[in-house]
Amino acid sequence: MKRMKGFALLWFLILTAIVIAACGSSSQQPDDYTPEYAADNNIAAEEELQEYQPTTEEIYPSESEDTYEEYSPEQEANNINAIEAVDIESREYYILPPPITEGGISVEEALTNRRSHRNFRNEPLTIYQVSQLLWAAYGITLPIPDAHHLRGGLRTTPSAGATYPLELYVVIGNVTGINPGVLRYISEEHKLVRVVDGDVRRELTAAALGQQMVEAAPISIFYSAYFPRITERYGERGIRYAYIELGHSAQNVYLQAEALGLGTVAIGAFFDYMVREILNLPYEEEPLYIMPIGYFY
Ligand SMILES: Cc1cc2nc3c(=O)[nH]c(=O)nc-3n(C[C@H](O)[C@H](O)[C@H](O)COP(=O)(O)O)c2cc1C
């Protein structure tokens, strides 16, 4: 009897070892998430990605690539995309049409139907849709022109101390009337200013670990945070507040997309240093979210 128990225990240990080995070998290694891999294994790759939690080391492969030292003061001064941009009027810009503030579906319906969408149709968006989405994300709802620190007034998104540390960009791929590129959203004037020329969606997909929806969607809203705006008031806690605010704003985008019959997904998995380069991001800003948006199936 004792021998039987011994055999059973031995078999149990062998089987456990086999199961652990099998799980280990089938788990996807991050190196496999190249654009080529994702193209060849589209569905599998997306499914895996949803499960996959990158480590800090993978997202920040080398701290030195993301440090601020690589920007000299001269580069900083010449950076027309910088927060305190002096040269913004000389850039191509688009005044966005005013947003609508009454819609066809209720908040309850939008909440019930909201889902992350990852399959987008190759159909252009209009400047009206782009305007509405950006306004929902971070638009001004109560203008207070004289309060300089508010940069225009209070917004659709709550913000600790009304400091509004987020910066929004729109990556344009297929929008009627706007050439592809990357444009910064100037929320206080509800306008877009071009910072990059040309369609960067393919490169951005590669930076987002090959998540194909970035290339397929006609636009992506991109979020970064300019932390000094909030840490000057709240110290380290301001970092937490900025991340919380991102959640508020991104949910607005989800709900507005739903109300417009569009879909989106919040993407947090990407390589910061690649995204910084592709979007010509000022060194003071930290990339946070990519939200591809479009008609979905
Ligand atoms: C912080 C954060 C990061 C996320 N990153 C990704 C991502 O990189 N790729 C992706 O496909 N979905 C991403 N998502 C979306 C989640 O996968 C999705 O919200 C979740 O599966 C629940 O599905 P639902 O949004 O349809 O309810 C992210 C969501 C959050 C909140």
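The opening position of the sequence shown corresponds to residue 45 in our numbering, with each subsequent residue numbered one higher. Even for Gly, the Cβ is constructed at its ideal location relative to N, Cα and C.
Simplified DSSP state of Gly307, which is helix, strand or coil: In the three-state reduction of the DSSP assignment, Gly307 falls in the strand class, which pools E and B.
Could you tell me whether any non-hydrogen atom of ligand 3 is closer than 7 angstroms to the CB of Ile288? Looking at this structure, you won't find ligand 3 anywhere; what it does contain is ligand 1.
Please find out if some non-hydrogen atom of ligand 1 comes closer than 7 angstroms to the beta-carbon of Gln255. Yes - ligand 1 has a heavy atom lying nearer than 7 angstroms to the Cβ of Gln255.
Tell me whether Arg284 counts as near ligand 1, meaning its Cβ is closer than 7 angstroms to at least one heavy atom of that ligand. If you check the C-beta of Arg284 against ligand 1, you find no heavy atom less than 7 angstroms away.
Give the straight-line distance between the Cα atoms of Glu152 and His292, rounded to the nearest whole angstrom. Approximately 17 angstroms between the Cα atoms of the pair.
Could you give the distance in angstroms between the alpha-carbon of Ala269 and the alpha-carbon of Gly148? Each residue's Cα considered, the two are about 32 angstroms apart.
What is the residue span of the beta strand (DSSP E) that Arg1 lies within? No answer is possible for residue 1: it lies beyond the span of the chain, which begins at 45 and ends at 341.
Using 7 angstroms as the cut-off, classify the Cβ of Val309 as near or not near the heavy atoms of ligand 1, replying yes or no. Checking the Cβ of Val309 against ligand 1 gives yes.
Shorter than 7 angstroms, the distance from the beta carbon of Arg404 to the closest heavy atom of ligand 1, or not? Any property of residue 404 remains undetermined from this structure, which presents the chain solely from 45 to 341.
Can you list the beta strand (DSSP E) stretches of 3 or more residues lying completely in the stretch 165 to 235, in chain order? If we require 3 residues or more, the beta strand (DSSP E) runs fully inside the stretch 165 to 235 come out as 184 to 187, 197 to 199, 210 to 216 and 225 to 230.
With C-beta atoms as the reference, is Thr220 less than 8 angstroms away from Pro142? Between Thr220 and Pro142, the CB-CB gap reaches or exceeds 8 angstroms.
For the beta strand (DSSP E) that Glu146 lies in, which residues bound it at each end? First-last for Glu146: undefined, no H or E at that position.
Within a Cβ cutoff of 7 angstroms, which residues of the same chain sit near Tyr285, ignoring the five residues on either side of it in sequence? If we look at Tyr285 and ignore the five residues flanking it on each side, its Cβ neighbours are Ala204, Ile274 and Tyr278.
What three-state label does DSSP hand Pro272 in the structure shown? When DSSP states are grouped into helix, strand and coil, Pro272 belongs to the helix group.
Close Cβ partners of Thr170 (< 8 angstroms) along its chain, the five nearest in sequence each way excluded: These residues qualify, in order along the chain: Val219, Thr220 and Gly221.
For Glu302, tell me which candidate among Tyr208, Ile144, Ala154 and Thr145 has the shortest Cα-Cα distance. The option with the nearest alpha carbon to Glu302 is Ala154.
Val214 to Phe266 span [Cα, whole Å]: Cα-Cα distance, rounded: 6 angstroms.
Cβ pair Leu227, Leu290 closer than 8 angstroms: The criterion of a C-beta distance shorter than 8 angstroms is not satisfied by Leu227 and Leu290.
With DSSP as the reference, label Val350 as helix, strand or coil. The structure shown does not extend to residue 350, since the chain is modelled only from 45 to 341, so the question has no answer here.
Ligand 1 heavy atoms versus the CB of Ala269: any closer than 7 angstroms? Judged by the Cβ position, Ala269 fails to qualify as a neighbour of ligand 1 at the 7 angstroms threshold, every heavy atom of the ligand being at least this far.
Please tell me whether His161 and Val309 are closer than 8 angstroms, where the distance is taken between their beta carbons. Between His161 and Val309, the C-beta gap is smaller than 8 angstroms, which places the two residues in contact.
How far does the alpha helix (DSSP H) with Leu248 in it extend, from its first residue to its last? Taken as a continuous stretch (DSSP letters only), the alpha helix (DSSP H) holding Leu248 covers Arg245 to Ala251.
Taking the alpha-carbon positions, what's the Leu177 to Pro336 distance? Roughly 11 angstroms separates the two Cα atoms.
Just the C-alpha distance for Arg245 and Gln255, rounded to the nearest angstrom, thanks. Computed Cα separation, rounded: 11 angstroms.
Buried or exposed: which applies to Ile139, given that a residue is buried once 16 or more other Cβ atoms fall within 10 Å of its Cβ? Exposed, because fewer than 16 other Cβ atoms sit within 10 Å of the Cβ of Ile139.
Arg277 (DSSP reduced to helix, strand or coil): Correct three-state label for Arg277: helix.
Tell whether a beta-carbon distance below 8 angstroms holds between Leu248 and Ile322. Yes.
Which residue wins for smallest C-alpha separation from Ile263, given the options Phe164, Leu198 and Glu329? Comparing C-alpha distances from Ile263 to each of Phe164, Leu198 and Glu329 shows the shortest one belongs to Phe164.
Cβ-based neighbour list, Thr185, same chain, cut-off 7 angstroms, excluding 5 preceding and 5 following: Leaving aside the five residues that flank Thr185 on each side, the residues in its chain whose CB is nearer than 7 angstroms to its CB run, in chain order, Leu198, Arg199 and Thr200.
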